[in-house]
Structure formats: C-alpha cells, structure tokens
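Numbering of the sequence shown is given in the numbering used here, commencing with residue 837 and proceeding in unit increments.
Virtual Cβ for every residue (Gly too), placed ideally from N, Cα, C.
Values in this document were obtained by computation on a predicted structure and should not be read as measured data.
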Amino acid sequence: MRISLNWLRELVDLPPSPEELAEMLTMAGFEVEDIEDRRTWADGVVIGRVLQREPHPNADKLSVCTVDIGAKQPSTIVCGAANVRADIFVPVATLGTYLPKVDLKIKPRKLRDVPSEGMICSLAELGLTKESEGIHIFPQEDLQVGSDARPYLGLDDVILDLTSTANRADALSMVGIAREVAAITGVPLRLPQPPTIATTSDAKALTLKISEPQACPTYIGTVIEQVTIAPSPLWLQQRLQASGIRPINNVVDVTNYILLEWGQPLHAFDRDRLLQVGGSKTLQIGVRFAEAGETLQTLDGQNRTLSDQVLLITANDKPVALAGVMGGEETEVHSETLNLVLEAALFDSAAIRRSARSQGLRTEASARYERGINQAELEIACRRALALMTDLAGGTIVAQATAAARGSQTSMTRSIELRLDRVNQILGPISVGDEVAELEPAAIERILKALGCDISTINKDGVWTVTVPPYRYRDLEREIDLIEEIARLHGYNNFCETLPEKTEPGYLSAEQALSRKLREAFRAIGLTEVMHYSLVKPNQERQIVLSNPLFPDYSALRTDLLAGLIEAFQYNLEQGNGPLNAFEIGRIFWSEEEGLSEAESIAGIFGGDPTQGKWIQGGKENPLTWFEAKGYLDSVFCRLGLVVEYQPDRRDARLHPGRTASLWLRGDRLGTFGQLHPQLRLERGFPDEVYAFELDINVLFSALDQDELRVPIFQPYSAYPASDRDIAFFIPTQFSEADIERVIRKAGGTLLESVELFDEYRGKNVPEGQRSLAFRLVYRASDRTLTEEDIEPVHQKVRESLVEKFRVDLRS
C-alpha cells in the first residue's frame, strides 16, 4: 500500500525524516519497499504569472511569454503549449532546475532565435501524469508569484510503498498504519470523528433482501437524492493520485478515499439506473449467489459469464454488481446522476475469494475483503463517507436500510489470558544498558495498551486478562500472538543474543549414510539414478488400486521397480539415446491376506553394447555377456564388502529362465538378477543382451549396518609370496559353482587366500550329465613363506572334501 506522509501526519505525529519512519515500520514487521520522495520532482519549480503572450516570430506553434516569477525583472519564456495565455498562474521551472521525471535540466537557450529563460511546466513534465495536453494552470487566483509550487501540486509529500503480511488486514488503511505508528512511538492518535447523520427507514425508497446472511452478515444501503456530480476538490484528487488511484468524480472519489482511509470498501450506484434495471418503481437490493450462466458487464467493460460461486448484488433480483469485487457498468455513477444508493457491507472472506478467483479478477476492494475487514467500524466508515459526499456533492439523505446478521459489538472482541512467566520464557532477557534483565510487567502493559487492548491488573499468579480490540480480532487469537506483538513493539533488536549451552554437530542417520554408500557404489559401475512415479497402470497381481485416482490409467501403486525401468529403457531407445544404464531406489507396495504392505527396494537395468564407436569391432555389436554383467554387480558387492551367493531361479517371467539367479546374503534372500526374456526383448525392440536386478534394500541395510563394514579398516598386504595350486575334476551339472566354492573355502581355512574358476568344459571325453571344472587356489600366510609341508595337507583336505560332498572324479 502507498502511504502519503502528509495524509498520515494528519492522523498521528511522525518522526522527523521518512527514513526513520521506514526503519521503524520495517523493524515492526512492515516492509517498506520504496521511499518515493516527491519533493525532488519539482525542486526549483515556482509559481509564475503570465503577464503577456505573443506569437513567436519564427514559429507558428510557439509562443513568447513574459512571466513574472518574483524576480526583479520578468522572464521571457518560449512555450509550445496551445493553452498558454495572459493572466494565468503556472508552474515555472527556473534556470538550474532538474526535472528527474523527464531527465531535463533547465538552461538558458534560444528557440528559433528567441532566448528562453526557463520552462512553463505541464503535469506530465512534473511526473504527475503520463500524458498532458498542455501546461498546468493553477485554479487559485490569489497565489504569490515566486513561491514554491510544490504544495499546490501535491509534490511536498513523501510516499512509502509498504507491504504488510497477510494476517494484518488492518494495515491496508491509513487509520491502521496510524494506529501502528502510534503504538510504536507512543504518540497520541487523531482519528476523524464523523458526525451522526439522521436517517429514516423508508420501504418505498429502499428495502433489502439478504439471501446469504453467512456470506453477507451486514449490509447498509443509503439513498441520497439530488446530488451534483462534479470533479473532486484538488486536495482529494492529490491524495488519491499519491495512493495510485485515478480521480473520477466527487462521489466515486469519496468511496475510494474511505477505502484508503478506513480500509472499508464502498460502492455507489445510480439509483435511477437501479430502478431501470429492476424494472419497477420500488427498489429492493439483494445479495445472493449467481446462477450458472448468468451474465454481467462490469465496470472494466467486460461481459462476464458467472458461475454459482460468484456472490452478486441484485436490484429486484437482477445482477448489478460482483459483491465485494467490482460494480456493474449498467448502474455506474455518471455525469448526469442525480440520485444515489451507497453500499456499505461486510462480506465473508472465503466467499469473496472464491468469487474473485472464478472471474480471474482481483481489485483493491476484494484484496481487503479476502483478508478480512474491521467489522466494528463499518458504521463509522459509512458515516464518514456520507458526511464527505453530502459536503462535496450536496444532496439529501432520504433513507437508510440495514440488514445485520452479525452479533453485538462485544462478539467482535476476544479475551486472552497472558502469563508473565510465559512471556519471559519465550522471549528471553532484554538488554538494559550493559545489564541483562527480564521484561517488566509495566512495560508489557504499556505495549498492550498502545495496541488498543484492554488489560486487567496482573493477579498473584502473574496472569493478565487481555481484551483484544475489534480491529485486531482476526489476528490476535492466542497467547502466543500477544507475545509476538510484545516482541515486535519492544524491538527484536533489544533482546539479548543467546546461543544454546551445548550444540551438537549434524550427522547422517545410519540409514541415510548407508543409502548414500549404495548410490555411490552403483554410480561407480556406470549406472545413472532415475526416479519414477509410484502410480502405474492397474494390470498386475497383488496391486493396491486407488479408490479416487487422478488419472484412470495410473490408478494403482507399483509392486516393483523393474517395470518402470523397462519402460524407461524402451523410451530411451525410441528417443535415439541408446541403451539406458540406470538404477532406482524407491518404495514398492502390495496387498497380502494380512493387509497392505510396503517396502524399500533398489533395482537396475543395463546392457547393450557399452563401447563407443563400433568401427573397433568392424561395425559389429559387442553386447555384454552374462559373466560381464554379473561382474558389474559383483563389483558393487565387493565395494560394499559383501559376499553374495547366486542360485538358479526362474520365478520372474520377464527374465530368461536359464540365465536368472536369486541372490542370497547370509541365508537371507537378497533379490534377483538375470537377463531379460528373449520374447520380451523382441516385443520391445531391445538389444541382444539386457540385464536387470532387483534387491531388497532392507536386507542390504541389515548386512551393512556393522562397524567393520560401515567404516573400512585397512588390512595390510602380506610381505610373503603366494603359492598356487590347480585342481580339476568332473562333477555333476546339478551342483553350482557357488556350492563348490563354499566347500573349498571351508576346507582351505585361513591359508586359502582366493579361489578362482578358470576353466569349464562340456563335451567329448566328459561323462554324460557332468562337466569339467578347473579352479586355481592361492595359498598365502601373513607371517611366513609357506612350504610344501604347510600347503599339501590343506590342499589334500580340499580334495577330500570335494570327493566326500559332491562325489567328484578328480583329474589333478
């Protein structure tokens, strides 16, 4: 809101400088975005009187004027305005004056060989209007030439562009800001006191029908006859212009003036036009919601189609205005208006918000109704408007009708208990010179009384009963609100700066740290993390289907992450971006007999030809093999310090039945890894080799949540040489390499450093149903060089264990 300091100074005494006031208001919670010092716009502009006007000898559209500006000799000024003439008072920019709005410094110069010693100014050149048809002519006839022109132009003022928070609806008015300044500084307040106006209730002149008392708890309609529509006086026009409102005529300007002064929106109707729209000799003003499809042409010239959320003002049930938002063009006050109906009403905040939003329209009136206006001062604002209107436009108040569904004045107040101990507990100590003390009860009472609160004497328990003023009814609701007001007015900068006695450094939880570690491991093998929506199409078993989905095609929760990754892989290929190597961590959901369940999961997909530039292979594809893909996953487990076993598996129909393994970690099922099924690959146009995995993240976290794995411990390398032995044998194909390696490691004990399968053969000279495997076993000790006597017994134990467990046929 734009605040005129000249206007505000009539209501309350102000600090010496605008900067001090801006600082005070900002510290009290009202942000001052700009200080517009209008005094600089016309510094050096004086009042001059045109003594003589003659045509320019060398130009048809220029005039040579002799102007008295209070100097010893009149000034000769060349002027190009068509309305310049003798015997008028005009603003004159003297030599050396700088006009910032047009970026012009006045210097002596010649215009078509005639010297000019200044400039007669228009309102546009002074920054008061965007365009001007000619120079400004002062309407006063008794002005003193040579005196400062700024007071007569309204340029002896400073404007503060102030922003208030949404809870401070009272601050959208001059009276509200004046109350705030008075509370901060402790100076007295001088509010205008409108006279009591005698009114009668005449059913023939006006009746009311409020169909929606909740949306419109109070409506006051006043009939004024025989008014004279004319321009507003200069002081009123200047105040509206300073606040950013264009003057229109004396009646409309008064309604806008009250809007700015008291924060109460008003609207004036042409009564004769209301009767014409209503189609009757009697007038009934109504308030109701619109019927869908009704139309109304508003004051901005737009023909609006209304919805049933729009609150209307009606004349004999015919729409004439959007209640609390904007009037109708058909009943607006115009130059020939003789009779008025002045509306002063209270409207529900939610109803006006819905109404304005449905029309995409926000006005000064709706902005105030949406925040909530002061209900207790509706009659004061109405009386103030009627007094100004009859003073400026004449006329006689014929009748006034009131419909009130709100309670009494006492229902607009609220009593709150405030504890002294609670105030000091929350706000802490204050600085008193070099000492530290608590807020005294007298200081708290002084602040609350400055806010307009009635406060009882503090009792023995240190508790006050505070009665909130009506204009803060919507803002001050609880004890903590009062404590905030005490801190705000005492000054946040006056409280001691204290830190907690003991601070604790921030840290990641175990789950967060392990999650980061997992992400780092999968990124390290070249996978990119992706995220998908949890909602999927309802086409799987055990899905949880939403009862009120936003989109029918995405109405179920995902049961795994792999389906989304397969879709993403296909989308990436279709966009020409090549295979997608990615992983995802997210929640999955499913239904069981016991109820609904959810868990955290991690899944990934990768494959295709990882090389860049196929010319290396002569233009041929070189997709990942099963063992290469398994090696990627193994490198993740190795980085995490986990030993994972692979077992044949064919539960997932999306994976190749002969190239799928279940993963096991310390006896717990970790997840699944495998190659996509050939049929699925063909249907989606995937490369030859695409692999996917899905892991239970809770099993991973349980295994990783150990001190030795959470913090890596350095293990020194042995300084002694290793000794390797090869062992080859025939073994039935039903036994997996993992089972064999487990037996070898158990038999090899601490001397066995590593086991590696380096050869597999099936075919000629191998018994049917068996395969030939060859392992390399590396033995090493950390404290000595192993001898044949050390190694042979251990190696022999390995051989015997294989024969005993798997009935192998040893070949070496």
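Straight-line gap, residue i to residue j (C-alpha atoms, nearest Å)
i, j, result
"Arg1620", "Asp1645", "33 Å"
"Ala1039", "Val1059", "11 Å"
"Glu1347", "Lys1466", "26 Å"
"Thr826", "Glu1016", "Residue 826 is absent from the model: the chain starts at 837 and stops at 1648."
"Ala1018", "Ala1007", "13 Å"
"Ser1391", "Tyr1055", "48 Å"
"Lys1045", "Arg1140", "24 Å"
"Leu857", "Pro851", "6 Å"
"Ser1194", "Leu1070", "38 Å"
"Asp1311", "Leu1254", "16 Å"
"Thr1508", "Trp1500", "9 Å"
"Arg874", "Leu1386", "54 Å"
"Gly1160", "Glu1048", "14 Å"
"Thr1043", "Gln1062", "20 Å"
"Asp879", "Phe974", "18 Å"
"Pro1459", "Pro1415", "11 Å"
"Asp997", "Glu1313", "28 Å"
"His1103", "Leu898", "46 Å"
"Pro1388", "His1170", "55 Å"
Simplified DSSP assignment, three categories, for residue i
i, result
"Val881", "strand"
"Thr1334", "coil"
"Pro1116", "The question names Pro, yet the displayed sequence has Ser at residue 1116. Here Ser1116 sits in coil by DSSP."
"Leu1256", "helix"
"Arg1282", "helix"
"Ile1627", "helix"
"His1170", "coil"
"Asp978", "coil"
"Gly1444", "coil"
"Val886", "strand"
"Lys1045", "strand"
"His1326", "helix"
"Phe866", "coil"
"Asn1086", "helix"
"Asn1139", "strand"
"Phe1405", "helix"
"Asp1290", "strand"
Residues that residue i bridges to, as DSSP identifies them
i, result
"Thr1395", "Answer is none; Thr1395 lacks a bridge partner."
"Thr1091", "DSSP, once it has assigned bridges, lists no residue as partnering Thr1091."
"Met955", "Ala929"
"Pro1484", "Ala1497"
"Cys1474", "In DSSP, Cys1474 forms no bridge with anything."
"Cys915", "Ser899"
"Trp1426", "Ser1433"
"Asn1458", "In DSSP, Asn1458 forms no bridge with anything."
"Arg1607", "Ile1567"
"Asp1560", "Val1614"
"Lys946", "Pro951"
"Gln1236", "Thr1058"
"Phe1509", "Ala1497 and Phe1529"
Close-in-space but distant-in-sequence residues of the same chain around residue i (CB under 8 Å, 5 per side omitted)
i, result
"Thr1167", "Phe1105, Asp1106, Arg1109, Leu1110, Val1113, Ala1151, Val1156 and Ala1157"
"Pro1031", "Arg1219 and Ala1223"
"Ser952", "Thr912, Ile913, Val914, Pro944, Arg945 and Lys946"
"Lys1353", "Leu1476 and Leu1540"
"Ser1143", "Ala1126, Ala1128 and Ser1194"
"Glu1315", "Ile1252, Glu1253, Leu1254, Arg1255 and Arg1258"
Close-in-space but distant-in-sequence residues of the same chain around residue i (CB under 7 Å, 5 per side omitted)
i, result
"Pro1277", "Leu1256 and Ile1294"
"Ser1267", "Asn1330 and Cys1332"
"Pro1374", "Val1381, Ser1391 and Ala1392"
"Ser840", "Asp993, Ile995, Arg1075, Ala1078 and Ser1079"
Same chain, Cβ closer than 6 Å to residue i, neighbours up to 5 away in sequence not counted
i, result
"Leu847", "Ala1014 and Arg1026"
"Gln1073", "Pro1083"
"Ser1554", "Arg1616 and Ser1618"
"Gly1494", "none"
"Ala907", "none"
Nearest-angstrom Cβ-Cβ length linking residue i and residue j, presumed shorter than 8 Å
i, j, result
"Gly1443", "Val1366", "Not confirmed; about 15 Å, so no contact."
"Glu1577", "Ala1558", "Going by Cβ atoms, the distance from Glu1577 to Ala1558 rounds to 18 Å, so no, they are not a contact pair."
"Leu1512", "Leu1491", "6 Å"
"Val1372", "Ala1399", "7 Å"
"Ile1627", "Arg1561", "7 Å"
"Ile1441", "Ala1497", "Not really, about 16 Å apart at Cβ, beyond 8 Å."
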